[in-house]
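Peer 1: Just so you know, we're using the working numbering here: the sequence shown kicks off at 1 and counts up by one.
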Amino acid sequence: MKPSLRHLLALLLLPVALGAAEPTKPNILVILADDLGYGDIRAYNPTRGKIPTPHLDRLAAEGMRFTDAHSSSGVCSPSRYALLTGRYHWRTRLQNGIVGVFGEPLIAPDRLTIASLAKQHGYRTAAIGKWHLGWDWPIAEGDRALFRGTKENDAAAPETNRAAWAKVFGQRIAGGPTTRGFDRYFGTDVPNWPPYCFIEDDRTVGIPSEFLPKEYFRDHLASLPGPALPAWKFERILPTLTERACAFVTESARASQPWLLYLPLTTPHTPLAVNAEWQGKSGLNNAAADLIMETDAAIGKVLAALEASGAAKDTLIIFTSDNGFASYVGVKDLERQGHFPSGPLRDYKSSVHEGVTASLSSCAGPARSPRVRPAGSWSIRPTSWRPWPRSSA
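1) Please say whether residue 107 and residue 133 have beta carbons closer to each other than 7 Å?
2) Output the boundary residues of the alpha helix (DSSP H) element that contains residue 187.
3) Mind reading off the beta-carbon distance from residue 208 to residue 196? Whole number of angstroms is fine, and I expect it under 8 Å.
4) Take the Cβ of residue 282 as the centre, count every other Cβ of all protein chains shown within 10 Å, and call the residue buried at 16 or more, exposed below.
5) So, is residue 381 buried or exposed, given that buried needs 16 or more other C-beta atoms within 10 angstroms?
6) Beta-carbon within less than 6 Å of residue 175's beta-carbon, same chain only, minus the 5 sequence neighbours each way: which residues are those?
7) I'd like to know whether the C-beta atoms of residue 193 and residue 331 end up nearer to each other than 7 Å.
8) Mark residue 142 as exposed unless 16 or more other C-beta atoms lie within 10 angstroms of its C-beta, in which case mark it buried.
9) Does the region 266-282 touch the region 21-40, meaning 3 or more C-beta pairs lie closer than 8 Å?
10) If you compare alpha carbons, which of 272, 38, 93 is closest to residue 237?
11) Tell me the DSSP secondary structure of residue 474 in three-state form.
12) Could you compute how far the alpha carbon of residue 369 sits from the alpha carbon of residue 253?
13) Could you name the residues of the same chain whose beta carbon sits closer than 8 Å to that of residue 53, not counting the 5 residues immediately before and after it, in chain order?
14) Using DSSP with H/G/I as helix, E/B as strand and the rest coil, what is residue 207?
15) Can you have a look at residue 286 and say buried or exposed, based on whether 16 or more other CB atoms are within 10 angstroms of its CB?
16) With distances taken from CA atoms, which of 158, 173, 153 is nearest residue 103?
17) I think residue 242 touches residue 302, with their Cβ atoms under 8 Å apart; what is that distance to the nearest whole Å?
18) If you draw a straight line from the C-alpha of residue 80 to the C-alpha of residue 70, how long is it?
19) Assign residue 259 to one of three DSSP states: helix, strand, or coil.
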């Protein structure tokens with residue numbers, strides 16, 4: 001049987017279940033990139049990768065590199081479902097595609113997740129980043145048209161829309177991460193879809209009261225029109241998630257309780273909103289390439305906060321991506337310049353080939369564990385985010 005993330009967590013928690021005298025309870029940090037290809041990290045693609053990724057290269061060098069790891073799907077929501085539940089993603093109401101805008105929860109209320117499993121063993125849990133697994137948005141069926149717009153809308157929204165938005169975004173939103181095993185949540189549901197705001201636990205941070213301005217529907221920024229906070233800036237999403245993750249790590253290190261942090265970053269998925277410091281840094285004249293460098297730096301900040309907190313030696317770090325690189329953000333131009341986002345593998349996001357589901361995955365374990373592999377180890381065994389049937393072994 002191919003190992004999955006939930007199997008890994010179960011093995012880590014086994015000493016607790018067996019009543020060991022001094023059970024080892026490592027902290028667990030799961031970092032999930034969005035649309036990062038197998039070949040986008042230099043450590044996995046040294047000859048055909050042109051984007052510098054020093055922090056992820058270091059993580060690969062100091063931990064174990066999984067060269068045959070696979071997500072369950074070539075697109076977003078199914079992969080996230082499988083990662084968090086360990087189940088085959090089509091064993092849900094979703095039978096194709098992804099959870100739609102203002103969609104309902106995909107994870108059943110009583111379904112075990114890696115967060116609820118960890119909580120059973122005394123962990124504090126948090127999710128910071130992109131959710132995209134649905135919420136119970138309290139939108140009346142007759143009001144749904146008010147939550148859509150056109151890409152030509154002026155920012156100022158009619159009073160009818162604003163009143164409907166205030167009613168929905170002014171109340172708690174059920175069915176999200178804090179009802180699926182996470183004690184805390186901060187992030188955006190889908191960064192290129194409405195609502196264009198942050199969500200903390202089960203409430204939006206502020207009340208979206210304008211349509212997203214039409215200039216945001218260009219250059220691979222927003223995809224769908226809808227309610228937004230005034231002066232919403234896509235460039236602030238990644239730095240804000242990074243700050244929140246660093247704060248959680250620092251705060252948690254002061255507590256005696258072990259912790260699980262699920263950090264599903266919004267990048268390098270669209271919106272390709274690169275902060276000024278990183279624009280042009282890749283030298284490839286491609287915003288996605290620059291955003292990969294910015295993402296690597298953000299992960300570096302989280303790892304630095306972990307080191308500074310003193311918790312790094314007691315923390316299992318798992319890094320992976322939800323699916324392959326998106327071909328529509330300039331892949332042909334990148335290939336002409338010698339950067340191949342799928343490395344030696346075939347095809348990109350949404351196809352059926354290996355370049356879509358082969359996830360670059362690195363794992364660094366707590367230093368105190370006697371079973372930790374030496375730094376720089378490789379695993380060439382097929383590895384999946386979900387349990388596979390024994391018949392496929």
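Even glycine gets a Cβ: it sits at the ideal position worked out from N, Cα and C.
Just so you know, these numbers come straight off a predicted model, no measurement behind them.
Peer 2: According to the structure shown:
1) yes
2) Taken as a continuous stretch (DSSP letters only), residue 187 belongs to no alpha helix (DSSP H), being part of the beta strand (DSSP E) at 184-188.
3) With a Cβ gap of about 6 Å, residue 208 and residue 196 count as contacting.
4) buried
5) Residue placement at residue 381 is flagged as unreliable, the pLDDT there being 46, under the threshold of 50; the coordinate-derived value follows with that caveat. Residue 381 comes out exposed.
6) 105, 135, 136
7) no
8) exposed
9) yes
10) 272
11) Absent from the model: residue 474. The displayed extent of the chain is 1 to 393, so no value can be given.
12) For residue 369, the pLDDT reaches just 45, beneath the cut-off of 50, and the residue's location in the model is therefore unreliable, although a value from the coordinates is still provided. Rounded to whole angstroms, residue 369 to residue 253 spans 18 Å at the Cα level.
13) 40, 41, 42, 43, 292, 293, 296
14) coil
15) By the neighbour-count rule (16 or more Cβ atoms within 10 Å), residue 286 is buried.
16) 173
17) 6 Å
18) 12 Å
19) strand
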